[in-house]
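Q: Structure incoming, see below.
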Amino acid sequence: MKKIPLALTLLSTLLFSQYTLATDTSPTTQNPTYELDGKAVLGRTENVYLSSVQGLKDVPFIGKIDTGAETTSMHAEDIHVKSTNADYKNLKDKELMAALTEDLLNNSDVDYDDWDGSTFAKYEAVVSFKVQNPRTGDMVLIEAPLERVSMIRSRTSSTPLLRPTVKMSLTIADQELKTDVNLTDRSHFSAPVLIGKTFLADNALVFAGYDYLQEQENATVVGRKEVVSISGMAMNATFSLKNRYSILHSKNIDVDKKNSEVTFDMVDNDGKQKEMTLPLVRMLSVGGKKRPLVYVPVQLDENTTRDVLVYLRDRSSSESQLRFGTSTASELFMIDTNAENILSKGSESFSEVAKKSEPLIISPEEGITLDGFPMKAVASFTVNTPLLKVDSFEMTGKGKDTSVEFFLIDANGEQQKVIKKVIKKLRVGDDVRPVVSGEFLGAGKVRQQEFAIDVLNSNEKEAYFVLGKKMAKDGVYVNTRSDYLLKSEPLFKVGHIEVVEVNGMKFPAKLDTGADVSSMNAVNIKRFKKDGQDMVSFTYQNNQGDKQDFTKPVIDVMRIKAKKGEKVNIRPVVEMKVKLGDLEKEVRVNLQDRSRFEYSMILGKNFLKHGAVVSSDEDYLLGDMD
Numbered sequence: 001m002k003k004i005p006l007a008l009t010l011l012s013t014l015l016f017s018q019y020t021l022a023t024d025t026s027p028t029t030q031n032p033t034y035e036l037d038g039k040a041v042l043g044r045t046e047n048v049y050l051s052s053v054q055g056l057k058d059v060p061f062i063g064k065i066d067t068g069a070e071t072t073s074m075h076a077e078d079i080h081v082k083s084t085n086a087d088y089k090n091l092k093d094k095e096l097m098a099a100l101t102e103d104l105l106n107n108s109d110v111d112y113d114d115w116d117g118s119t120f121a122k123y124e125a126v127v128s129f130k131v132q133n134p135r136t137g138d139m140v141l142i143e144a145p146l147e148r149v150s151m152i153r154s155r156t157s158s159t160p161l162l163r164p165t166v167k168m169s170l171t172i173a174d175q176e177l178k179t180d181v182n183l184t185d186r187s188h189f190s191a192p193v194l195i196g197k198t199f200l201a202d203n204a205l206v207f208a209g210y211d212y213l214q215e216q217e218n219a220t221v222v223g224r225k226e227v228v229s230i231s232g233m234a235m236n237a238t239f240s241l242k243n244r245y246s247i248l249h250s251k252n253i254d255v256d257k258k259n260s261e262v263t264f265d266m267v268d269n270d271g272k273q274k275e276m277t278l279p280l281v282r283m284l285s286v287g288g289k290k291r292p293l294v295y296v297p298v299q300l301d302e303n304t305t306r307d308v309l310v311y312l313r314d315r316s317s318s319e320s321q322l323r324f325g326t327s328t329a330s331e332l333f334m335i336d337t338n339a340e341n342i343l344s345k346g347s348e349s350f351s352e353v354a355k356k357s358e359p360l361i362i363s364p365e366e367g368i369t370l371d372g373f374p375m376k377a378v379a380s381f382t383v384n385t386p387l388l389k390v391d392s393f394e395m396t397g398k399g400k401d402t403s404v405e406f407f408l409i410d411a412n413g414e415q416q417k418v419i420k421k422v423i424k425k426l427r428v429g430d431d432v433r434p435v436v437s438g439e440f441l442g443a444g445k446v447r448q449q450e451f452a453i454d455v456l457n458s459n460e461k462e463a464y465f466v467l468g469k470k471m472a473k474d475g476v477y478v479n480t481r482s483d484y485l486l487k488s489e490p491l492f493k494v495g496h497i498e499v500v501e502v503n504g505m506k507f508p509a510k511l512d513t514g515a516d517v518s519s520m521n522a523v524n525i526k527r528f529k530k531d532g533q534d535m536v537s538f539t540y541q542n543n544q545g546d547k548q549d550f551t552k553p554v555i556d557v558m559r560i561k562a563k564k565g566e567k568v569n570i571r572p573v574v575e576m577k578v579k580l581g582d583l584e585k586e587v588r589v590n591l592q593d594r595s596r597f598e599y600s601m602i603l604g605k606n607f608l609k610h611g612a613v614v615s616s617d618e619d620y621l622l623g624d625m626d
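Counting from 1, one number per residue, gives the positions in the sequence shown under full-length UniProt numbering.
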């Protein structure tokens with residue numbers, strides 16, 4: 001195989017973020033780049049603007065960026081296709097599209113992949129459709145010539161789905177491109193727009209390790225608690241580091257599904273109520289109950305108002321009326337864990353703050369090494385001194401000779417006793433916590449770190465580290481756009497198809513930023529139990545002639561939603577060691593029969609987040625099968 005080094009030499013013109021802890025000028029997962037080889041580097045989710053549509057061009061739509069999707073698609077309603085051609089004017093919609101595709105397949109020398117506006121011009125077909133402004137509820141009517149009919153292969157049907165495709169101007173990261181967009185019902189997806197190769201090719205690269213990467217530089221720095229305003233009503237606002245969706249305290253919620261509206265009483269931080277009626281975006285299932293999702297205009301300061309997607313419920317027992325979820329935080333904010341009410345002094349962007357100080361940037365969940373012991377670490381809005389939580393500990397000795405003993409699990413899964421000298425003691429309520437010092441490894445740097453020790457709560461099973469607010473001189477900021485930022489890894493450019501290595505076998509795999517979890521071909525799948533452990537045996541095979549039997553523990557099960565009337569597709573999940581170039585990781589892989597697909601393996605976000613920046617229109621950048 002012709003091999004290209006994993007560490008790329010990037011152009012000096014690249015735009016780098018101002019993260020601290022960057023050890024050199026090369027971009028990493030913690031210190032990413034927003035542009036590479038003259039192309040924007042997009043996160044897995046970005047804001048998309050319909051830049052040529054009056055009434056919508058300034059409205060950001062959630063876009064999922066998917067290198068595995070051949071086409072770009074978007075949610076549309078009331079879709080109709082008509083023709084003024086004498087031979088087809090009596091047909092419309094599906095019947096018309098079926099007739100046009102049949103005519104081309106039977107009577108044209110143009111291959112399906114080459115169908116475009118000139119191919120369909122003779123049919124004189126026009127598409128009309130509506131897109132709702134989620135902020136106002138207005139339905140905007142759009143008309144455009146039929147560019148082509150997309151034939152979408154379904155996982156559950158041998159008959160392709162027919163979708164009308166039009167040319168539309170889309171803008172992402174300040175780059176406008178007129179591209180093919182196929183129209184469909186995406187109301188059951190959180191992202192109304194799916195950005196595929198028709199937009200990405202020759203225009204953008206994708207790093208699946210981030211959401212809203214292009215929003216990061218201009219993110220507003222906020223404290224862990226803020227006071228904001230909605231329609232003149234002051235709201236105490238807090239942040240969740242676990243829940244995806246934002247919540248707004250509301251009473252007397254009345255959903256009018258017929259008119260797609262929600263009427264409710266908004267409650268401010270003094271208990272005053274104000275009735276509001278807003279467009280219903282969709283219903284969200286939360287804890288088995290359906291909650292209405294709406295956009296509300298949140299005023300951050302006197303000059304800044306942002307529309308925030310929230311679901312409505314009674315939060316009378318909570319200290320805040322508005323709780324921002326991780327999706328909102330990823331789009332809009334960078335959170336200073338040691339500050340409150342920053343916005344009262346006027347908002348600042350992350351890039352502005354990073355020029356003046358060097359905060360430690362962490363994600364909500366991290367992986368660190370403490371004195372050689374690997375463990376999980378979490379961000380905190382309440383803990384000041386960094387904290388190690390263990391199953392139990394015992395202090396012995398007095399005064400300067402006081403020491404503390406506890407147990408940790410090493411990299412081999414073995415329990416080891418740790419004895420440390422106590423530097424001082426902290427009193428927290430009725431508890432006394434010993435403070436010790438240890439070797440802390442994060443973001444590729446080793447340093448001595450003081451930390452306190454406490455016992456796990458009754459519902460906590462294994463030791464972990466709490467990244468306290470005093471971890472760094474210039475503060476600790478939480479960035480919800482990514483995870484495991486302290487495990488800083490180099491970014492490297494890859495093609496949409498690359499050669500991977502699994503258990504000694506080398507074969508081409510598809511790099512799909514739209515997939516959460518990687519997947520590989522498996523036949524003869526048999527599940528069983530061994531010593532109480534769920535197990536699975538299966539056979540992997542590919543078109544290159546590789547074939548290998550595996551027996552693995554089942555660590556999870558994926559349930560893939562099916563169409564109405566069909567059974568849910570259940571896939572066992574196992575761990576496999578996968579190598580791409582110089583990057584080797586053990587990741588979760590779901591098992592399914594992929595015999596009808598060209599590629600026997602898909603690498604999804606759970607592998608690509610370790611530094612792979614995907615070019616959707618290039619293949620084998622790391623070397624071919626030779």
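All residues carry an ideal CB built from backbone N, CA and C; glycine is no exception.
Rounded to whole angstroms, what is the Cα-Cα separation between A121 and S150?
A: Taking the straight line from one Cα to the other gives about 15 angstroms.
Q: Could you check where the alpha helix (DSSP H) with N107 kicks off and where it finishes?
A: Looking at the DSSP string, the run of the alpha helix (DSSP H) that includes N107 is D93 to N107.
Q: Using three-state DSSP, classify E462 as helix, strand or coil.
A: If DSSP states are grouped into helix, strand and coil, E462 belongs with coil.
Q: Enumerated in chain order, which unbroken segments of the beta strand (DSSP E) with a length of 3 residues or greater are wholly contained in the region 29-56?
A: Listed in chain order, they are 39-42 and 45-50.
Q: Within the region 387-424, note down every full beta strand (DSSP E) run reaching 3 residues or more, in order along the chain.
A: Listed in chain order, the complete beta strand (DSSP E) runs (minimum 3 residues) inside the region 387-424 are 387-390, 393-396, 403-409 and 415-421.
Q: Considering only C-alpha positions, which residue in the set S349, M558 and K506 is nearest to S545?
A: First, the amino acid is wrong: residue 545 is Gly here, not Ser. It is K506 whose Cα lies nearest to the Cα of G545.
Q: Specify the secondary structure class of D24 as computed by DSSP and reduced to three states.
A: Confidence at D24 is low in this model, with a pLDDT of 47, below 50, so the placement of that residue should be treated as unreliable; the coordinate-derived value is given next. Coil.
Q: Please classify D24 as buried or exposed, where buried requires at least 16 other C-beta atoms within 10 Å of its C-beta.
A: Residue placement at D24 cannot be trusted, given a pLDDT of 47 that sits under 50; the coordinates are not used to answer.
Q: If you follow the beta strand (DSSP E) that F597 is in, where does it begin and where does it stop?
A: Here F597 belongs to no beta strand (DSSP E), and DSSP marks it neither H nor E.
Q: Report all residues from its chain with a CB closer than 7 angstroms to the CB of D619; omit the five preceding and five following residues, and keep chain order.
A: Only G495, H496 and I497 meet the Cβ criterion.
Q: Using DSSP with H/G/I as helix, E/B as strand and the rest coil, what is A121?
A: Correct three-state label for A121: helix.
Q: Does the separation of the CB atoms of T513 and T67 fall below 7 angstroms?
A: Yes, the pair counts as a contact, with Cβ atoms nearer than the cut-off.
Q: Could you tell me if I602 is buried or exposed, where buried requires 16 or more neighbouring beta carbons within 10 angstroms of its beta carbon?
A: Buried is the call here.
Q: With a 10 Å radius around its C-beta and 16 neighbouring C-beta atoms as the bar for buried, classify T136 as buried or exposed.
A: It is exposed - the Cβ of T136 has fewer than 16 other Cβ atoms within 10 Å.
Q: Classify V59 as helix, strand or coil using the three-state DSSP reduction.
A: It is coil, neither helix nor strand.
Q: Looking at D389: is its Cβ nearer than 7 angstroms to the Cβ of S403?
A: Per the sequence shown, residue 389 should be read as Lys rather than Asp. No, they are not a contact pair.
Q: By the 10 Å Cβ neighbour count, where 16 or more other Cβ atoms means buried, how is Q132 classified, buried or exposed?
A: Under this definition Q132 is a buried residue.
Q: On the CB-based measure, 16 or more other CB atoms within 10 Å of its CB, does P32 come out buried or exposed?
A: Buried, since its Cβ has 16 or more Cβ neighbours within 10 Å.
Q: Given V262, which residues of its chain have a CB within under 6 angstroms of its CB, disregarding the five upstream and five downstream residues?
A: The residues are V255, L278, L280, P292 and V294.
Q: At the level of alpha carbons, what is the spacing between V568 and G532?
A: Using only the alpha carbons, I get a separation of about 25 angstroms.
Q: Rounded to the nearest angstrom, what separates G623 and V499 at their Cα positions?
A: Distance between the alpha carbons of G623 and V499 is about 7 angstroms.
Q: Is the region 89-106 touching the region 40-54, taking contact as three or more C-beta pairs under 8 angstroms?
A: Counting Cβ pairs under 8 angstroms, fewer than three are found: no touch.
Q: From the DSSP output, in three-state form, read off L608 for me.
A: Three-state DSSP puts L608 in a helix.
Q: What number of angstroms, rounded off, separates the C-alpha of R244 from the C-alpha of D103?
A: Going by the C-alpha atoms only, they are around 47 angstroms apart.
Q: Check the C-beta distance from F207 over to V478 and give it rounded, since I have them as a contact under 8 angstroms.
A: Contact flag wrong, Cβ pair sits at about 20 angstroms.
Q: Give a yes or no on contact between the region 351-368 and the region 467-485, applying the rule of three or more CB pairs nearer than 8 angstroms.
A: Yes: at least three Cβ pairs fall under 8 angstroms.
Q: If distances are taken between C-alpha atoms only, which option among L486, P60 and V221 comes closest to I347?
A: One point to set straight first is that residue 347 is Ser, not Ile, in the sequence displayed. Cα-wise, what sits closest to S347 is V221.
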